[in-house]
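K.L.:
Here it is, the structure in full.
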Amino acid sequence: MEFRGRAAPDDHESDLRRGPWTTDEDLLLVNYISAHGEGRWNSLARSAGLRRTGKSCRLRWLNYLRPDVRRGNITPEEQLLILELHSRLGNRWSKIARHLPGRTDNEIKNYWRTRVQKQAKQMRCDVDSERFADMVRSVWMPRLAERIREQSKLPCSAETSGASFETQRLSSPPMPPPAAAPESFASDVDDVCGQWMQPEQSEWPAESMWTVEDIIWLQQQL
DNA sequence: AAACAAGGCAACCGCCACCGG
DNA sequence: TCCGGTGGCGGTTGCCTTGTT
């Protein structure tokens, strides 16, 4: 993947580079960490011959170069989990990320700030409002769970479905019906909800860490 | 085809907590 | 106790891509 994001010239004052990482820098960092391990980021940066701050190296490694980083679409299960955890933890992105193996706090934060806040905006309400939180709990999350369950019932091909989907326990009780929502608002949700989940439909995940039951259990812990 | 707007996301910034000397 | 170094975290920025006019 090519590099994007803020571009900045070399920092001539401190001889430190900023901005997008080059392939060579990535290689230096990966090779150094595979040989010596991670940690002590400032000295690591110097020892590896990188003209970067320790912070920059750490961020690059954690968010991009780490071998177990998952990239690509946030799956519906992950969406549901993010909504669930955010309702309990708020903007504690790193804590949320710990429940989604391979996802970084940065990625989850970006997801929230782009996708979720966009939907809140379309519904003309504040993303931090109780009204939006209610709608997420009572409409979007049950719908996501329903969609996940529907997808899991589809015939599974080797290409499109991983083993964890096939082994999902489908005898879980149905989700409780959504709580009553103001009618006009609910119709807004109908419009928006489809758009929200649409991008994921064409690329169903090859595997999922969480079953529907896991997520329902999480909801019941509320 | 060109211009413009909006979205996505990598990377940076500032603050804070922790730790060892 | 103080202080500097380090790492973690949430918020923000700004470039590139994609969609729209």
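Residue numbering for the first sequence follows our numbering, beginning at 1110 and increasing consecutively. Here a beta-carbon is modelled for each residue, glycine too, at the ideal position from N, C-alpha and C.
So, residue 1175 versus residue 1138, is the Cβ gap smaller than 8 Å?
P.N.:
Taking the first residue of the first sequence as 1, we reach residue 1175 at position 66. Taking the first residue of the first sequence as 1, we reach residue 1138 at position 29. Contact: no.
K.L.:
With 16 as the cutoff for other CB atoms within 10 Å, does residue 1145 come out buried or exposed?
P.N.:
As a first step, residue 1145 must be located in the first sequence, where it is residue number 36. By the 10 Å Cβ count, residue 1145 comes out exposed.
K.L.:
Here's a check: name, in chain order, each residue in its chain whose Cβ is nearer than 7 Å to the Cβ of residue 1194, leaving out the five neighbours to either side.
P.N.:
Start at 1 with the first residue of the first sequence, and residue 1194 comes out as number 85. Excluding positions up to five away in sequence, the list reads 1205 and 1208.
K.L.:
If you follow the alpha helix (DSSP H) that residue 1238 is part of, which residue opens it and which one closes it?
P.N.:
In the first sequence, residue 1238 corresponds to position 129, counting from 1. Residue 1238 -> no alpha helix (DSSP H), and no H or E assigned at all.
K.L.:
Once DSSP output is grouped into helix, strand and coil, what is the label at residue 1125?
P.N.:
Along the first sequence, one-based indexing puts residue 1125 at 16. Correct three-state label for residue 1125: strand.
K.L.:
Between the Cα of residue 1254 and those of 1216, 1126, 1162 and 1190, spot the shortest distance and give me the residue it belongs to.
P.N.:
Walking along the first sequence from the start, residue 1254 turns up at place 145. Checked all of 1216, 1126, 1162 and 1190; the closest Cα to residue 1254 is 1190.
K.L.:
Hey, how far is the Cα of residue 1242 from the Cα of residue 1252?
P.N.:
Along the first sequence, one-based indexing puts residue 1242 at 133. Along the first sequence, one-based indexing puts residue 1252 at 143. Each residue's alpha carbon lies about 15 Å from the other.
K.L.:
Need the endpoints of the alpha helix (DSSP H) that residue 1219 sits in, please.
P.N.:
As a first step, residue 1219 is located in the first sequence; it is residue number 110 there, counting from the start. Here the alpha helix (DSSP H) through residue 1219 covers 1214–1220.
K.L.:
What distance in whole Å lies between the Cβ atoms of residue 1250 and residue 1336, which are believed to be in contact at a cut-off of 8 Å?
P.N.:
Limits of the chain in this structure are 1110 at one end and 1331 at the other, which puts residue 1336 out of reach.
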